[in-house]
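Worksheet: the structure to be examined is printed underneath.
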Amino acid sequence: MTHAAISPAILYWGTPVVLITSKNVDDSSNTTQNIFRTKQCVLILPSASISHFVNTIARTTGAEHMSPVKAVLGYRHVKYKWPISGMTPLGSMLVAPLRVKELSDSPTPIKGATMTLELKILRVYVDNSIRKDERIDCIGPDKWDPIIVSFQEFYGLDNSRIAKILTGSEVRDNSLDEEPSI
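Position in the sequence shown (from 1) plus 6 gives the number in our numbering.
Here you go:
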């Protein structure tokens with residue numbers, strides 16, 4: 007195996023995609039300001055099967071005045087994202103921001119700064135098909151195929167689990183005398 011030194015344009019290896027819905031007075035989008043004002047949002051972790059919906063709003067911002075970085079990256083201002091997304095808004099039970107129907111059964115900036123928001127999760131909705139059979143409040147990791155953003159591209163997991171994290175009893179059952187394979 008050979009290695010090469012590179013200078014990648016981005017050092018963003020990957021993370022699950024999270025859509026955030028928030029509520030503006032006129033139902034328009036402006037997530038960060040809305041969350042600061044209302045202290046409410048809905049976090050949605052979409053599956054890879056609906057990436058076409060996510061892609062329609064991936065390079066949009068509700069902020070009328072976007073940062074130069076966003077402009078260079080091709081972002082565009084979209085005041086109302088629901089119509090262009092193709093997703094259907096669905097009411098929430100505990101907060102004003104809306105959920106996404108397609109995902110419910112199967113989202114004042116400081117210039118140049120990174121935003122960190124602390125959120126209190128009030129309720130979690132999950133598609134029943136991805137629940138772990140034996141544990142009603144758990145997600146089955148082999149059943150969920152989240153969208154992952156890796157170097158500004160969307161990917162699914164495609165059942166690519168590389169190792170199982172052993173439980174306490176499985177760790178005790180494994181022989182510690184064997185050489186680890188690397």
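Glycine is no exception: its CB is placed at the ideal position from the N, C-alpha and C atoms. Nothing here was measured: the structure is a model prediction, and the numbers come from that model.
Measuring alpha carbon to alpha carbon, tell me which of the options ends up nearest residue i.
{"i": "Asp164", "options": "Ala54, Thr38, Pro22", "result": "Ala54"}
{"i": "Val31", "options": "Ile136, Ala102, Tyr131", "result": "Ala102"}
{"i": "Gln158", "options": "Pro52, Ser28, Arg65", "result": "Arg65"}
{"i": "Leu96", "options": "Pro89, Arg105, Asp151", "result": "Arg105"}
{"i": "Tyr86", "options": "Lys76, Val78, Ile63", "result": "Ile63"}
{"i": "Phe42", "options": "Ile50, Asn61, Ser91, Lys29", "result": "Lys29"}
{"i": "Ile50", "options": "Met72, Ser34, Val130, His83", "result": "Val130"}
{"i": "Lys149", "options": "Lys138, Ser156, Val155", "result": "Lys138"}
{"i": "Ser135", "options": "Asp151, Ile127, Leu128, Lys126", "result": "Asp151"}
{"i": "Gly162", "options": "Ile145, Asp33, Thr27, Ile56", "result": "Ile56"}
{"i": "Phe203", "options": "Asp133, Glu108, His58", "result": "Only positions 7 to 188 of the chain appear in this structure, which leaves residue 203 out of reach."}
When DSSP labels each residue in this structure, what does residue i get in the three-state scheme?
{"i": "Arg43", "result": "helix"}
{"i": "Pro52", "result": "coil"}
{"i": "Leu25", "result": "strand"}
{"i": "Val101", "result": "coil"}
{"i": "Val270", "result": "This structure cannot speak to residue 270, because the chain is shown only from 7 to 188."}
{"i": "Ile90", "result": "helix"}
Give me the DSSP bridge partner(s) of residue i.
{"i": "Arg137", "result": "Ile145"}
{"i": "His83", "result": "Thr67"}
{"i": "Phe59", "result": "None; Phe59 has no bridge partner."}
{"i": "Glu194", "result": "Since the displayed the chain opens at 7 and closes at 188, residue 194 lies outside it and no answer follows."}
{"i": "Val132", "result": "DSSP lists no partner for Val132."}
{"i": "Val31", "result": "The partner list for Val31 (beta bridge, DSSP) is empty, contrary to what the question assumes."}
{"i": "Leu96", "result": "Arg105"}
Assign residue i to one of two classes, buried (16 or more other C-beta atoms within 10 Å of its C-beta) or exposed (fewer than that).
{"i": "Thr67", "result": "buried"}
{"i": "Ile142", "result": "exposed"}
{"i": "Thr21", "result": "exposed"}
{"i": "Leu25", "result": "buried"}
{"i": "Val23", "result": "buried"}
{"i": "Ser35", "result": "buried"}
{"i": "Pro52", "result": "buried"}
{"i": "Met4", "result": "Residue 4 lies beyond the stretch modelled for the chain, which goes from 7 to 188, so this question has no answer here."}
{"i": "Ser156", "result": "exposed"}
{"i": "Ile153", "result": "buried"}
{"i": "Val60", "result": "buried"}
{"i": "Cys47", "result": "buried"}
Using 7 angstroms as the cut-off, classify the Cβ of residue i as near or not near the heavy atoms of the ligand COA, replying yes or no.
{"i": "Pro147", "result": "This structure lacks the ligand COA; in fact it carries no ligand of any kind."}
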